[in-house]
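Reviewing the structure listed below.
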């Protein structure tokens with residue numbers, strides 16, 4: 001292998017958005033989708049030593065780790081977590097990390113076997129003292145607040161009556177958090193609707209048809225034989241029949257027989273993104289490929305895209321960064337999960353959201369993010385300054401040349417940073433703070449103004465009213481917005497503060513945005529407005545409220561927002577009473 005080959009390939013992905021395609025004479029691996037095509041990340045270490053060392057310490061690589069070998073930040077010091085009548089206690093037994101789950105009907109002890117994540121939080125997998133498969137444990141540790149939270153409240157779900165330890169790790173999110181052959185996560189795309197459920201489902205049924213990358217069999221008989229081999233590898237007997245018979249059997253075998261011993265490797269390996277590269281490891285002149293390479297099946301770009309390197313990289317990232325978590329009913333752009341579906345409101349949908357915008361046809365995710373290392377906060381923040389506009393100027397040179405005319409802000413101010421306005425911080429991140437919405441668009445887009453709260457300009461101008469911001473947008477950019485639609489969102493009086501009206505009238509994800517925005521104002525007058533949300537119907541919003549209040553008060557607030565809502569309300573009342581008495 002030659003280190004320069006892959007490194008040059010990677011660097012080009014993250015450079016200019018219109019990076020040239022590889023030379024036509026370059027040879028590519030012939031097959032990169034079957035289990036036999038995979039070599040494992042260790043095969044990359046000798047020739048790509050420097051890159052490999054950086055990647056080995058990266059969040060991607062360490063997405064799933066063996067708990068017996070991993071560095072774990074969560075303190076297993078006897079802390080207890082409560083949901084309804086159930087508790088989980090995190091402690092140590094000798095050198096092993098233990099989670100003890102106590103319910104009204106008994107007590108069960110789990111030994112932690114795996115840790116998932118590690119940049120913003122840690123989740124845990126473990127085995128019961130009674131045996132059985134590895135289970136997803138109910139406790140999550142969040143670094144930003146140095147506190148435990150019920151795992152089920154990582155996403156937008158309503159309050160749960162009790163804890164659950166039923167989820168089997170190998171039947172849950174194993175496909176995105178580890179490395180599997182590409183063909184084994186394409187069963188849905190090949191079969192279509194009606195395939196039995198399995199944990200490798202990466203098919204995005206929520207994308208508009210115009211953005212779907214079709215997957216097709218090139219050779220039904222040969223693909224059926226390959227699937228039969230996969231079924232045998234998992235330990236089952238393949239059925240007789242053609243591809244329509246073999247695909248459901250392969251999905252069922254994966255669901256019931258796939259476990260940690262049958263992964264290509266634990267965690268996100270090199271080939272989770274670069275696809276099977278065994279032939280590259282044997283012959284460095286055969287370059288790996290983001291695109292599907294196989295005589296058995298093919299994935300092709302949608303109409304209007306020609307399969308540029310940027311487009312293939314974005315498709316690769318979106319395999320996992322595409323999730324509209326749970327059955328939370330609403331999306332951005334005023335949509336729902338069943339009608340006018342817009343962008344995701346929480347972290348982990350970035351790849352899908354990015355593909356919804358026009359920039360994804362020319363710019364790659366790797367333009368801003370380094371998958372081989374930990375993104376440096378200062379570098380990401382710099383992209384959201386006028387200096388970061390150089391990335392956008394590669395395609396939008398005319399706008400960059402007349403920046404103040406376009407933005408109506410001083411050229412050196414945050415208001416003239418492309419990212420600040422076109423990728424606003426309005427999505428719920430993993431640490432109870434907002435992250436950037438990756439559907440690149442404009443704060444003056446009609447659907448965003450008339451269907452979403454808050455107006456995106458209010459994220460920076462939190463003191464403004466609806467009418468003042470809308471009138472300014474109309475004056476500066478020559479647009480007109482429907483006041484009737486705005487009254488439906490904010491009430492009859494449009495001279496109301498945008499953020500505070502969103503807090504009162506918004507959908508839960510919009511309220512979370514308002515809460516986080518108010519938390520950054522430093523204005524202590526928000527306390528009585530935000531405090532009731534500590535008992536919000538959606539527990540994840542409670543954690544946003546708690547962090548916002550701790551920011552503005554400058555103190556740690558000892559309220560267990562994971563407790564039942566009635567208990568939380570009592571705690572909130574006592575806290576407000578004590579706070580008033582101390583003034």
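Residue numbers (our numbering): 1 to 583. Quick reminder that beta carbons are idealized off the backbone N, C-alpha and C, glycines included.
Measuring CB to CB, does residue i end up less than 9 Å from residue j?
| i | j | result |
| --- | --- | --- |
| residue 36 | residue 276 | yes |
| residue 507 | residue 459 | no |
| residue 34 | residue 300 | no |
| residue 343 | residue 352 | yes |
| residue 227 | residue 238 | yes |
| residue 439 | residue 481 | no |
| residue 136 | residue 430 | no |
| residue 519 | residue 547 | yes |
| residue 297 | residue 217 | yes |
| residue 391 | residue 403 | no |
| residue 504 | residue 534 | no |
| residue 81 | residue 139 | yes |
| residue 350 | residue 321 | yes |
| residue 515 | residue 530 | yes |
| residue 389 | residue 400 | yes |
| residue 437 | residue 454 | no |
| residue 292 | residue 182 | yes |
| residue 528 | residue 469 | no |
| residue 111 | residue 126 | yes |
Under the rule that 16 or more other beta-carbon atoms within 10 Å means buried, what is residue i, buried or exposed?
| i | result |
| --- | --- |
| residue 477 | exposed |
| residue 340 | exposed |
| residue 488 | exposed |
| residue 511 | buried |
| residue 271 | buried |
| residue 347 | buried |
| residue 4 | Confidence in residue 4 is poor, its pLDDT being 34 and thus under 50, which makes the residue's placement unreliable; the coordinate value appears in the next sentence. Classification for residue 4: exposed. |
| residue 412 | exposed |
| residue 493 | exposed |
| residue 473 | buried |
| residue 92 | exposed |
| residue 289 | buried |
| residue 152 | buried |
| residue 282 | exposed |
| residue 25 | Annotation note: pLDDT 43 at residue 25 (below 50); position unreliable, coordinate value reported separately. Classification for residue 25: exposed. |
| residue 68 | exposed |
| residue 355 | buried |
| residue 94 | exposed |
| residue 595 | Lying outside 1 to 583, the shown extent of the chain, residue 595 is not represented and no answer is given. |
| residue 525 | exposed |
| residue 107 | exposed |
Taking the alpha carbon of residue i as the point to measure from, which residue in the options has its own alpha carbon closest?
| i | options | result |
| --- | --- | --- |
| residue 419 | 402, 450, 447, 456 | 456 |
| residue 58 | 491, 117, 522 | 117 |
| residue 452 | 465, 537, 143, 502 | 502 |
| residue 114 | 573, 534, 98, 202 | 98 |
| residue 225 | 242, 287, 135 | 242 |
| residue 206 | 428, 536, 330 | 330 |
| residue 410 | 386, 424, 432, 360 | 386 |
| residue 285 | 332, 303, 27, 514 | 27 |
| residue 257 | 236, 176, 273 | 236 |
| residue 128 | 109, 527, 146, 145 | 109 |
| residue 541 | 148, 167, 562, 551 | 562 |
| residue 144 | 564, 581, 560, 543 | 543 |
| residue 267 | 56, 560, 532 | 56 |
| residue 428 | 332, 130, 133 | 332 |
| residue 359 | 442, 334, 112 | 442 |
| residue 160 | 574, 576, 556, 537 | 537 |
| residue 434 | 513, 52, 79, 377 | 513 |
| residue 50 | 262, 499, 372, 444 | 372 |
Is the shortest distance between the beta-carbon of residue i and the beta-carbons of chain D less than 9 Å?
| i | result |
| --- | --- |
| residue 459 | Protein chains in the displayed structure number just one, and chain D is not present. |
Validate contact between the region 71-85 and the region 111-124 using beta carbons, cut 8 Å, 3 pairs: Enough Cβ pairs lie closer than 8 Å, so yes.
Inset, instruction - Please go through the region 243-273 and give each complete alpha helix (DSSP H) segment of 4 or more residues, from N-terminal end onward. - result: Segments of the alpha helix (DSSP H) lying fully in the region 243-273: 243-257.
| Segment contact, 8 Å Cβ cut-off, at least three pairs: the region 190-199 with the region 276-290 | At 8 Å Cβ cutoff, the stretches do not touch.
**Prompt:** Can we say the region 48-63 touches the region 80-93, given the rule of at least three CB pairs closer than 8 Å?
**Reply:** The region 48-63, when compared against the region 80-93, does not touch it at the 8 Å Cβ threshold.
Practice item. Kindly confirm or deny that the region 226-239 and the region 250-265 touch, where touching means at least three C-beta pairs closer than 8 Å. Key: Result yes; three or more Cβ-Cβ pairs closer than 8 Å.
Checklist line | Whole beta strand (DSSP E) elements within the region 294-337, 3-residue minimum | finding: Listed in chain order, they are 297-299.
- Between the region 352-372 and the region 309-318, do at least 3 Cβ pairs fall closer than 8 Å? At 8 Å Cβ cutoff, the stretches touch.
Problem - alpha helix (DSSP H) runs wholly inside the region 20-66, at least 4 long, in chain order - result: Fully enclosed alpha helix (DSSP H) runs of 4 or longer: 49-56.
Below 8 Å, how does it come out for the region 561-569 and the region 163-173: are there three or more Cβ pairs, yes or no?
The answer is no - the region 163-173 does not touch the region 561-569, with fewer than three Cβ pairs under 8 Å.
Run through the region 420-489 for me and flag every whole beta strand (DSSP E) of 3 or more residues, listed as ranges in chain order. Correct list: 425-428, 434-436.
Would the region 39-47 count as touching the region 184-191 if we require 3 or more Cβ pairs under 8 Å?
No, they do not touch.
Please give me, in chain order, every unbroken run of the alpha helix (DSSP H) with length at least 4 that falls completely inside the region 511-575.
Every alpha helix (DSSP H) of 4 residues or more that sits fully in the region 511-575 is shown, in chain order, as 527-530, 539-553.
Practice problem: Pick out the complete alpha helix (DSSP H) segments inside the region 218-246, 4 residues or longer, and give them in chain order. | Solution: As summarised for the region 218-246, the continuous alpha helix (DSSP H) elements at least 4 residues long and confined to that stretch are 220-234, given in chain order.
- Where in the region 360-407 do unbroken runs of the alpha helix (DSSP H), each at least 4 residues long, occur, reported from the N-terminal end onward? Here the runs fully enclosed are 377-383, 389-393, 397-401, 403-407.
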